[in-house]
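This report concerns only the one structure given below.
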Amino acid sequence: MKILSTFLFIAALLFALLIPGALQAQGGQGTGIIDQGPEQQLLYSPETIEWQAAPPSLEPGAEVALLEGSPSEPGVFTMRIRMPDDFYISPHWHPGVERVTVISGLFQLGRGDELNREATETLEPGSYVSMPPEFRHYAIAEGDTVIQLTSIGPWEVNYINPEDDPRLRS
């Protein structure tokens with residue numbers, strides 16, 4: 001009987017020590033990154049959000065506002081992207097999960113390797129989409145559109161067709 005109770009104690013101890021670590025690793029999508037959150041509260045109202053020109057990985061005309069973290073560093077980040085009417089993002093994919101919430105405007109989202117305006121789904125304000133790593137997709141803004149994107153850095157945009165990559169144009 002003492003052997004059985006010792007075995008059960010050891011099994012419970014191992015369970016208590018190993019399971020929390022495994023669950024934390026899953027919080028980082030299998031990347032080993034644990035979301036510790038910000039060091040202090042982050043609070044934004046629309047008028048306090050600071051917009052700047054989008055990075056060269058997007059076509060000119062879009063603006064971004066970094067709300068939390070950094071897309072260039074390991075860890076969770078959240079940013080908003082503001083796009084003018086008819087702004088498009090050519091077919092591409094990302095190495096990590098992409099989570100998008102539509103804040104305003106209409107966000108036309110398509111899937112696949114070729115941009116096809118007729119094959120998009122319209123996401124209205126309040127809509128949410130989560131796309132797995134390497135999911136091939138494209139987007140078109142209908143009206144002035146703002147989305148909020150959350151993912152884990154470092155962030156990459158990999159265009160299907162290199163000719164669509166704004167970074168490669170002079």
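No gaps in the numbering here: position 30 of the sequence shown is 30 in the numbering used here, and each next residue is one more. Using N, Cα and C, we set each Cβ at its ideal position, and we do this for glycine too.
- Three or more Cβ pairs closer than 8 Å define a contact, and the stretch 92–99 meets that threshold against the stretch 134–143.
- In the three-state reduction of the DSSP assignment, residue 91 falls in the strand class, which pools E and B.
- Ranked by Cα distance from residue 157, the first of 59, 47, 46 and 40 is 59.
- The residues 97 and 99, in chain order, have a CB closer than 7 Å to that of residue 130 in the same chain once the five nearest residues on each side in sequence are set aside.
- Non-local C-beta neighbours of residue 127 in its own chain, meaning closer than 8 Å and more than five positions away in sequence, comprise 101, 102 and 107, ordered along the chain.
- Under DSSP, residue 136 takes part in no beta bridge, so it has no partner.
- Closest by C-alpha distance to residue 164, out of 45, 46, 114 and 55, is 114.
- With a 10 Å radius around the Cβ and a threshold of 16 neighbouring Cβ atoms, residue 143 comes out exposed.
- Within a 10 Å sphere around the beta-carbon of residue 71 sit 16 or more other beta-carbons, which makes this residue buried.
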